[in-house]
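Engineer: Numbering (the working numbering), first residue to last: 199 to 481.
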Amino acid sequence: MIRIAIQAKGRLNEDSMALLTEAGMRISESRRKLLAQAEGFPLEVLYLRDDDIPQAVADGVADIGIVGLNEVEERGKDVEVVHRLGFGKCRISLAIPKEEDYEGLSWFSGKKIATSYPGILGKFFSENGISANIETIAGSVEIAPSVGMADAIFDIVSSGGTLVSNGLKEVEKVLFSEAVLIAGKTLSEEKRQLLAQMVFRFEAVERSRGMKYMLMNLPQDKVEDAVKILPGMKSPTVLPLAQDGWCSLHVVVREDELWTKIEQLKGIGAEDILVLALEKTIR
Ligand code: PRT
Ligand code: ZN
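1) Going by the CB atoms, is the gap between residue 393 and residue 200 shorter than 9 Å?
2) Taking only the alpha-carbon atoms, compute the straight-line gap between residue 469 and residue 426 and give it to the nearest angstrom.
3) Taking only heavy atoms of the ligand ZN into account, decide whether any of them is closer than 8 Å to the Cβ of residue 353.
4) What residue from 453, 333, 291 and 316 has the CA that sits closest to residue 309's CA?
5) Is residue 247 close to the ligand ZN? I mean its beta-carbon at under 8 Å from any heavy atom of the ligand.
6) Less than 8 Å between the CB of residue 313 and some heavy atom of the ligand PRT, yes or no?
7) Could you spell out where the beta strand (DSSP E) holding residue 491 opens and where it closes?
8) Please tell me whether residue 372 and residue 456 are closer than 9 Å, where the distance is taken between their beta carbons.
9) Give the C-beta separation of residue 236 and residue 223 to the nearest angstrom, bearing in mind that I take them to be a contact with Cβ-Cβ under 8 Å.
10) May I have the straight-line CA-CA distance separating residue 219 from residue 480, to the nearest angstrom?
11) Does the pairing of the segment 378-391 with the segment 294-307 give three or more beta-carbon distances under 8 Å?
12) Is any heavy atom in the ligand ZN found nearer than 8 Å to the beta carbon of residue 208?
13) Can you tell me whether residue 427 is helix, strand or coil according to DSSP?
14) On a Cα-Cα basis, can you pick out the residue from 264, 368, 238 and 451 that is closest to residue 475?
15) So does residue 269 have its beta carbon nearer than 8 Å to some heavy atom of the ligand ZN?
16) Take the Cβ of residue 314 as the centre, count every other Cβ of all protein chains shown within 10 Å, and call the residue buried at 16 or more, exposed below.
17) For the putative contact between residue 248 and residue 259, defined by C-beta atoms under 8 Å, what is the C-beta separation to the nearest angstrom?
18) Pick out whichever of 282, 208 and 226 has its Cα sitting closest to the Cα of residue 400.
19) What does the alpha-carbon distance come out to for the pair residue 445 and residue 420?
20) Measuring alpha carbon to alpha carbon, tell me which of 322, 351 and 325 ends up nearest residue 335.
21) My understanding is that residue 330 touches residue 307, with C-beta atoms under 8 Å, so please give their C-beta distance in whole angstroms.
22) By a C-beta neighbour count over all protein chains shown, 10 Å radius and 16 as the cutoff for buried, is residue 301 buried or exposed?
23) Under the three-state reduction of DSSP, which class applies to residue 215: helix, strand or coil?
24) Determine whether the Cβ of residue 349 lies closer than 9 Å to any Cβ atom of chain C.
25) Check whether the Cβ atoms of residue 210 and residue 286 lie closer than 9 Å to each other.
26) Contact check, residue 276 vs residue 311 under 8 Å by CB: the rounded distance?
27) In the DSSP output, what is residue 494 paired with across the bridge?
28) Going straight from the alpha carbon of residue 467 to that of residue 417, what length do you get?
29) Going by beta-carbon coordinates alone, are residue 370 and residue 353 separated by less than 9 Å?
30) Whole angstroms is fine: what's the gap from residue 279's alpha carbon to residue 423's?
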């Protein structure tokens, strides 16, 4: 049995739950419970606030966890980042009032900067020889300059919309973050093995993201042209059809290239093109 801590509610909860489900670990019990049992894998799920996940994993309250890299860096707990998960992407940036001229980091010397990430900011400033006044606040960091609490902020940015609507501009991107899988450093051999199995399943799910499975009928003498259009995982699979001179071609394509490929394939005579969802890719 292995215990994973995930965010109880908030931005990472839904994607974390979806990843577990797609990896064959269903959680049927009510989310209101602090601890739930998964089906399909010897897994317990502990629901916590994201701030508490690095600590819980470092202390062994949970064996592993899913949390933003920003929280891992900020808390500075002794945990191992096992795998990047590709969701919850954001950056932590320094932002200043938009009317200010900005010519470099020295702008921040002697200034007051509001943030919920004093650890990361303190380290960044000391590495860059900047001496500034870091003001730790828990929430609504973006309003601090307009109410006179600070000269600038250091906060999470994703689309940048929040900064714009508060009259701020992003001037330094300090940390790029995404959800990561973390693990305690003293897991038993049994738990290490379960963790390896989970990572294997996560990778199979991730490889299929943004990919589609496509099959079509094609004149036999066009297979070579089709191979040039479709590199595929190794190369496309070609199966004979009952009708002479025709074959069935199967291939995995990237979703963002799908329509271009379809047009090119139609151009060489492909017919009856089917596009299917790709769920898992095992290597
Ligand atoms: O209750 P709990 O403590 O568990 O949750 P929380 O409120 O502390 O965190 P939550 O759910 O807001 O975020 C969880 C994690 O999601 C963060 O630690 C980041 O790793 C990640 N993440 C990804 C984000 C964003 N994108 C994001 N845009 N976290 C917060 N934001 C906020 C940001 O603070 C700012 O207010 O969204 C606003 C900026 O968004 P844009 O799109 O306007 O730039
Ligand atoms: Zn939090």
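We treat Cβ as the ideally placed atom computed from N, Cα and C, and that holds for glycine. Predicted model only: the values in this text are computed from it and were never measured.
Structural biologist: The relevant details are as follows:
1) One-based indexing of the sequence shown puts residue 200 at position 2. One-based indexing of the sequence shown puts residue 393 at position 195. Their beta carbons are under 9 Å apart, which means residue 200 touches residue 393 by this criterion.
2) On the sequence shown, position 271 is the one that residue 469 refers to. On the sequence shown, position 228 is the one that residue 426 refers to. Using only the alpha carbons, I get a separation of about 17 Å.
3) Taking the first residue of the sequence shown as position 1, residue 353 is located at position 155. Checking every heavy atom of the ligand ZN against the Cβ of residue 353, none is found closer than 8 Å.
4) Within the sequence shown, numbered from 1, the residue matching residue 309 stands at position 111. Residue 309 has its Cα closest to that of 333, out of 453, 333, 291 and 316.
5) Within the sequence shown, the letter at position 49 stands for residue 247. The answer is yes for residue 247.
6) Against the sequence shown, residue 313 aligns to sequence position 115. Checking the Cβ of residue 313 against the ligand PRT gives no.
7) As displayed, the chain neither begins before 199 nor continues past 481, which places residue 491 out of reach and without an answer.
8) Indexing the sequence shown from 1 puts residue 372 at position 174. Indexing the sequence shown from 1 puts residue 456 at position 258. Not in contact: residue 372 and residue 456 (Cβ atoms no closer than 9 Å).
9) Along the sequence shown, read from residue 1 onward, the residue named residue 236 stands at position 38. Along the sequence shown, read from residue 1 onward, the residue named residue 223 stands at position 25. Right, their Cβ atoms sit about 4 Å apart.
10) In the sequence shown, the residue the question calls residue 219 occupies position 21. In the sequence shown, the residue the question calls residue 480 occupies position 282. Roughly 17 Å between the two C-alpha positions.
11) no
12) Numbered from its first residue, the sequence shown carries residue 208 at position 10. The answer is yes for residue 208.
13) By 1-based counting over the sequence shown, the position of residue 427 is 229. In the structure shown, residue 427 sits in a helix (DSSP, three-state: H, G or I).
14) The count along the sequence shown starts at 1 and reaches residue 475 at position 277. Minimum Cα distance to residue 475 is reached at 451.
15) Residue 269 sits at position 71 when you count from the first residue of the sequence shown. Within the cutoff, so yes.
16) Taking the first residue of the sequence shown as 1, we reach residue 314 at position 116. Residue 314 should be labelled buried.
17) Residue 248 sits at position 50 when you count from the first residue of the sequence shown. Residue 259 sits at position 61 when you count from the first residue of the sequence shown. That pair is no contact at about 15 Å.
18) Within the sequence shown, numbered from 1, the residue matching residue 400 stands at position 202. Checked all of 282, 208 and 226; the closest Cα to residue 400 is 282.
19) For the purposes of this step, residue 445 is taken as residue 247 along the sequence shown, with counting starting at 1. For the purposes of this step, residue 420 is taken as residue 222 along the sequence shown, with counting starting at 1. Straight-line Cα distance between these residues: approximately 9 Å.
20) Here residue 335 corresponds to residue number 137 of the sequence shown, with the count starting at 1. It is 351.
21) Looking up residue 330 in the sequence shown gives position 132. Looking up residue 307 in the sequence shown gives position 109. With 8 Å as the limit, residue 330 and residue 307 qualify as a contact, their Cβ atoms being about 6 Å apart.
22) The count along the sequence shown starts at 1 and reaches residue 301 at position 103. Exposed is the call here.
23) For the purposes of this step, residue 215 is taken as residue 17 along the sequence shown, with counting starting at 1. Of the three classes helix, strand and coil, the one that applies to residue 215 here is helix, per DSSP.
24) The structure shown contains no chain C, having only a single protein chain.
25) For the purposes of this step, residue 210 is taken as the residue at position 12 of the sequence shown. For the purposes of this step, residue 286 is taken as the residue at position 88 of the sequence shown. Cβ atoms of residue 210 and residue 286: closer than 9 Å.
26) The sequence position of residue 276 within the sequence shown is 78, counting from 1. The sequence position of residue 311 within the sequence shown is 113, counting from 1. Rounded, the Cβ-Cβ distance is 28 Å, inconsistent with contact.
27) The structure shown has nothing for residue 494, since the chain only spans 199 to 481.
28) One-based indexing of the sequence shown puts residue 467 at position 269. One-based indexing of the sequence shown puts residue 417 at position 219. Approximately 7 Å, taken between the alpha carbons.
29) Here residue 370 refers to the residue found at position 172 when the sequence shown is read from its first residue. Here residue 353 refers to the residue found at position 155 when the sequence shown is read from its first residue. No, they are not a contact pair.
30) Here the question's residue 279 lines up with position 81 in the sequence shown. Here the question's residue 423 lines up with position 225 in the sequence shown. Answer to the nearest angstrom: the Cα atoms are 44 Å apart.
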